[in-house]
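S.K.: Residue numbering for the sequence shown follows my numbering, beginning at 5 and increasing consecutively.
All C-beta atoms, glycine included, are put in the ideal place defined by N, C-alpha and C.
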Amino acid sequence: MASEHNSDQPGRSPLGRQLHHERLNQMFWALQIFLLVATVQSMALGRVSSALAMAVAAGLLFLSLWMVRQQHYQLAATWMLGLMTGLCYYFLWSSDGLRDEAVLGYPGILVVASIIGNRRIFIGLLVVMIASLLVLGSFNSLGLHQTRQVESNINVAILLVLILLITAYCIRLLINDIRHLVTQLNEENQRRRESQAQVEALVNHDSLTGLPNRTLAAEQFELMLRHSEREGQSVALLFIDLDNFKPINDSLGHSAGDEYLIQIAQRLVDEVRTSDAVSRFGGDEFVVLMPDLPPGESIISRADELLQTLREPMMLQGHELTTTASIGIAIAPADGTDFATLLSKADMAMYESKRAGRDGIRYYNTSMNNDAQAQVKLISDLRKALQSNELSLHYQPKVDLKTGKLCGCEALLRWQHPTRGNIPPIEFISLAERSGLIIEIGMWVMQQATGALSRFDAVGLPGLTMAVNVSSLQFKRGNLDRVVEQALTESGIEPHRLEIEITESMLMEPGEDIDHTFHRLQALGVTFSIDDFGTGYSNLGYLNKMKIGTLKIDRSFVSQLQLSPQDTAIVTAIIQMANSLNLTTVAEGAETQAEADLLARLGCTQGQGYFWARPMPEADFIKFALSRG
Numbered sequence: 005m006a007s008e009h010n011s012d013q014p015g016r017s018p019l020g021r022q023l024h025h026e027r028l029n030q031m032f033w034a035l036q037i038f039l040l041v042a043t044v045q046s047m048a049l050g051r052v053s054s055a056l057a058m059a060v061a062a063g064l065l066f067l068s069l070w071m072v073r074q075q076h077y078q079l080a081a082t083w084m085l086g087l088m089t090g091l092c093y094y095f096l097w098s099s100d101g102l103r104d105e106a107v108l109g110y111p112g113i114l115v116v117a118s119i120i121g122n123r124r125i126f127i128g129l130l131v132v133m134i135a136s137l138l139v140l141g142s143f144n145s146l147g148l149h150q151t152r153q154v155e156s157n158i159n160v161a162i163l164l165v166l167i168l169l170i171t172a173y174c175i176r177l178l179i180n181d182i183r184h185l186v187t188q189l190n191e192e193n194q195r196r197r198e199s200q201a202q203v204e205a206l207v208n209h210d211s212l213t214g215l216p217n218r219t220l221a222a223e224q225f226e227l228m229l230r231h232s233e234r235e236g237q238s239v240a241l242l243f244i245d246l247d248n249f250k251p252i253n254d255s256l257g258h259s260a261g262d263e264y265l266i267q268i269a270q271r272l273v274d275e276v277r278t279s280d281a282v283s284r285f286g287g288d289e290f291v292v293l294m295p296d297l298p299p300g301e302s303i304i305s306r307a308d309e310l311l312q313t314l315r316e317p318m319m320l321q322g323h324e325l326t327t328t329a330s331i332g333i334a335i336a337p338a339d340g341t342d343f344a345t346l347l348s349k350a351d352m353a354m355y356e357s358k359r360a361g362r363d364g365i366r367y368y369n370t371s372m373n374n375d376a377q378a379q380v381k382l383i384s385d386l387r388k389a390l391q392s393n394e395l396s397l398h399y400q401p402k403v404d405l406k407t408g409k410l411c412g413c414e415a416l417l418r419w420q421h422p423t424r425g426n427i428p429p430i431e432f433i434s435l436a437e438r439s440g441l442i443i444e445i446g447m448w449v450m451q452q453a454t455g456a457l458s459r460f461d462a463v464g465l466p467g468l469t470m471a472v473n474v475s476s477l478q479f480k481r482g483n484l485d486r487v488v489e490q491a492l493t494e495s496g497i498e499p500h501r502l503e504i505e506i507t508e509s510m511l512m513e514p515g516e517d518i519d520h521t522f523h524r525l526q527a528l529g530v531t532f533s534i535d536d537f538g539t540g541y542s543n544l545g546y547l548n549k550m551k552i553g554t555l556k557i558d559r560s561f562v563s564q565l566q567l568s569p570q571d572t573a574i575v576t577a578i579i580q581m582a583n584s585l586n587l588t589t590v591a592e593g594a595e596t597q598a599e600a601d602l603l604a605r606l607g608c609t610q611g612q613g614y615f616w617a618r619p620m621p622e623a624d625f626i627k628f629a630l631s632r633g
C-alpha cells in the first residue's frame, strides 16, 4: 500500500524523484529553523502556549522527514503542509484573528504546496484556508468568539519578517526550479535540432565522402535551373565514372577503395567553382552540376580540366596510382529540364565515352537515345530468341598443323532474327552480358555443345575436342561448375575433351567466386584456353596458377604474319613461351596456305581459320569432318 502514497507516479523520471526529495528536505529544515526562532521569541515574550504549540509542531514535523526517507513523498508533503496550515489557524483563533500575522503563513504554505505537492493538495489546502477564514470571521461577527486587541511593536515586525523570508525562500526555490526546467527544455530542443540536422545530413549526403547524394543533387539542380532560366543561361550535368576503380578495390581491399574514393571526391571539389556542386551517386559514379553557363559556351574545357586533375598520380597505401575517368555531358534546358531525364542522357553519353576507349568526354546527342532504344529492343528480342529456337551453334574446325588432321572445333553462337536475318555476335553478345541473359544463354550453349560432341562420337568422329567461350559473368553468377557438370553427365563425354575459353582480362579479375569456380572446373577435369592471347594484360603467374592448357594467338597477329616482322616476332615469342610451358597453341584467322605453312614452321600446334573451313552448322561440320578421313 505504500505505493499509494508515493509521489513517484509511473513515468516520473529519476531526475524528477531526486528533485522532489531535495525540495522536501529543504522545506523541512526551513520550517524547523522558522519554528525554532519563533518558539524562542514566544518564550521570551512569555507566550508559553504559542511556544508550546510551535514546539509540538516542530516535533510532529519530523514525521514528514521520515516519510521522505521512506520515499512516501506525497504523504510527506500532505503531512507537512497540513501541519503548518493547522498551526497558522491555531494562532489566528487564539490570538488576533484575521489581523494576526499568522495569516501571512497561508500564502507561503500555498507556495510550498505548488512546489512539493500536487494539484489535489494545493486545492484542498486552499479550500481549508478559505473555510477557516470564513468561519473565524463569522464567529467574530456573531460574537461567538473574540480575539485580543492587536499590538504593533518590534516583536510583530520580527515575526512578519520571518514569515516573509520563508515565503521569499520558497518562491526563490520555485523560480530556480522553473529556470532549471527551462534550461533542460532548451538543451533538449538543441539536442533535437542537432539530431534532426544529423538525420537530414544522412538522408541528403553520401556517408563515405560527405558529398551530396542523388536526392540533394536533384534539389540543387532545380534551384540552379530556375536561376539560370531567369538569366537566360544553362546548367551542365557531368556524369563521371572512374575507369579503374574495380581493379584497385579488388586488389588493394575495400578500405583502400574507400580512401581512393575520398581522395577523388576531394579533387573534384577542389577543382570546380564555388557555384558548382559535386555529388556522389554510389560506387565510382560522381555528378558535377555547373550552372550559369552563357548560351553556346562549350563545357569541354572545364570537363577536360577535371580529367587532368583526376589523372594526377595518387599515393595509396604505398602504391602510386593513376586515375582515368569517362565523362558524359548533358545540358539543360537544351537536353531537358527534368533532373532524371538529364541524368539518363548524361549516363548514355558517359557509356559512349567508355565504348570509345575510356578516359574521354562525350556530349549527349539524340542518336545515343536512338541507339539505347534499339539496344533495349534487341535485348527484348534476344530474350524471346532463346525461347523461340532462333539461336543455334556453328562449329569451326581446328586442325593439327603437323599432320593436317582434324583435332577439334570451336562452338560459335549464331542468331537468326525473324525480321532482321542473321545478327552478328559482336552486336548481341555484349548486350547479353550487360543484361545478364548471357547466363541463361551460356547454359544452353554448354548443353548444345557437349550434346553435339556426343553425336560426333556416334557418327564415327571420336576424340574431337570442343571449345566453348565463357564470359566472366558466368563465372561470377551463373553456377558454371554445376552447369558444366550436368552437361558432361547428360552427354557422357570425357571432361578433358571440353575446353573452356576465357579472356586474358578474366584472369586479372580477382575474387573468391571466380577462383572457386576455376578450382571446381579443374576438379571436374575440363581444360582451359585463353582466347586472343597477346592482346590483353598477360600474366605468366596466372597461366601456371590456373593451369591453362591452350593459348589462342589472336587473328590480328596471324593476318599480318607475312607482312610485319614485329607481328612475326610476337607470334614466335608466344609459341616459344607456350612450348616451354608445355602448352598448346592455336592460331586463329589463318586464310592462306602460306600462313598455315609459316605457323607450322614456327612450331604452332593447331590452326583455325577460313583456310580450312568457315563456321558451319552441325550437319555440315559432320560432312566436313568425315570427308577428311
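1) Cα separation between Tyr614 and Glu599?
2) Given a cut-off of 8 Å on the beta-carbon distance, is the pair Asp210 and Met354 in contact?
3) For Ser394, tell me which candidate among Asn369, Arg424, Lys381, Ala415 has the shortest Cα-Cα distance.
4) Mapping the DSSP letters down to three states, classify Ile331 as helix, strand or coil.
5) So the alpha helix (DSSP H) Met620 belongs to, where does it begin and stop?
6) Among Gly86, Val291, Thr609, which one has its Cα closest to the Cα of Leu272?
7) Is Asp519 buried or exposed, if buried means 16 or more other CB atoms sit within 10 Å of its CB?
8) Quick check: the stretch 343-360 against the stretch 385-401, are at least 3 beta-carbon pairs closer than 8 Å?
9) Under 8 Å, do Ala527 and Val472 count as touching if we go by C-beta distance?
10) Tell me the rounded alpha-carbon separation between Lys358 and Asp280.
11) Determine the direct distance from the alpha carbon of Lys402 to that of Leu502, and round the result to whole angstroms.
12) Report buried or exposed for Met319, applying the criterion of at least 16 other Cβ atoms within 10 angstroms of its Cβ.
13) Indicate the three-state DSSP secondary structure (helix, strand or coil) for Phe243 in the structure shown.
14) Taking the alpha carbon of Gly63 as the reference point, which residue from Leu35, Phe432, Ser476 has its own alpha carbon closest?
15) Exposed or buried, what is Lys406 when buried is set at 16 or more other beta-carbons lying within 10 Å of its beta-carbon?
16) Can you tell which of Glu595, Ile383, Gln580 has the C-alpha that lies nearest to the C-alpha of Thr589?
17) Give me, in chain order, the residues of the same chain whose beta-carbon lies closer than 7 Å to that of Arg306; leave out the 5 immediate sequence neighbours on both sides.
18) Report back the beta-carbon spacing between Asp363 and Thr328 to the nearest angstrom; my notes put them in contact at under 8 Å.
19) Select from Gln570, Glu356, Gln267, Trp419 the residue whose C-alpha is nearest the C-alpha of Thr313.
20) Rounded to whole angstroms, how far is the Cβ of Ser584 from the Cβ of Leu555, which I believe are closer than 8 Å?
21) Can you grab the Cα-Cα spacing for the pair Gln194 / Asn208, in whole Å?
22) Which residues in the same chain have their Cβ closer than 7 Å to the Cβ of Phe628, if we skip the five residues on either side of it in sequence?
23) How is Gln75 classed by DSSP in three states: helix, strand or coil?
24) What are the boundary residues of the alpha helix (DSSP H) that includes Ile304?
25) Of all the alpha helix (DSSP H) runs that stay within the bounds of the stretch 332-364, which reach a length of 4 or more residues?
26) Name the residue from Glu622, Ala106, Ser232, Leu114 whose alpha carbon lies nearest to the alpha carbon of Gly455.
27) Could you tell me the distance, in whole angstroms, from the CA atom of Gly112 to the CA atom of Arg73?
28) Indicate the three-state DSSP secondary structure (helix, strand or coil) for Phe532 in the structure shown.
29) Given a cut-off of 8 Å on the beta-carbon distance, is the pair Thr32 and Ser68 in contact?
30) Just to confirm before moving on: does the CB-CB distance between Gly607 and Ala591 stay below 8 Å?
31) Based on DSSP bridge pairs, tell me the residues matched to Pro216.
32) I need the boundaries of the alpha helix (DSSP H) containing Thr454, first residue and last residue.
33) Taking Ser495 as the reference, give the member of Arg315, Ile552, Met470 with the closest Cα.
34) For Asp404 and Ile252, I'd like the C-alpha separation in whole angstroms.
35) Check whether the Cβ of Met510 lies closer than 8 Å to any Cβ atom in chain D.
36) Could you give the DSSP three-state label for Asn426: helix, strand or coil?
M.R.: Working from what's here:
1) 11 Å
2) no
3) Reading the sequence as shown, one finds Glu at residue 394 and not Ser. Looking at the Cα atoms, Arg424 is the closest of the given residues.
4) strand
5) That residue, Met620, is in no alpha helix (DSSP H); it is neither H nor E in DSSP.
6) Val291
7) exposed
8) no
9) no
10) 25 Å
11) 14 Å
12) exposed
13) strand
14) Leu35
15) exposed
16) Gln580
17) Met294
18) 4 Å
19) Gln267
20) Not really, about 12 Å apart at Cβ, beyond 8 Å.
21) 21 Å
22) Pro401, Ala617, Met620
23) coil
24) 304-315
25) 343-359
26) Glu622
27) 24 Å
28) strand
29) Here the sequence assigns Phe to residue 32, which means Thr is not the residue at that position. The answer is yes: Cβ separation under 8 Å.
30) no
31) His209
32) 441-462
33) Met470
34) 41 Å
35) The structure shown contains no chain D; it holds only a single protein chain.
36) strand
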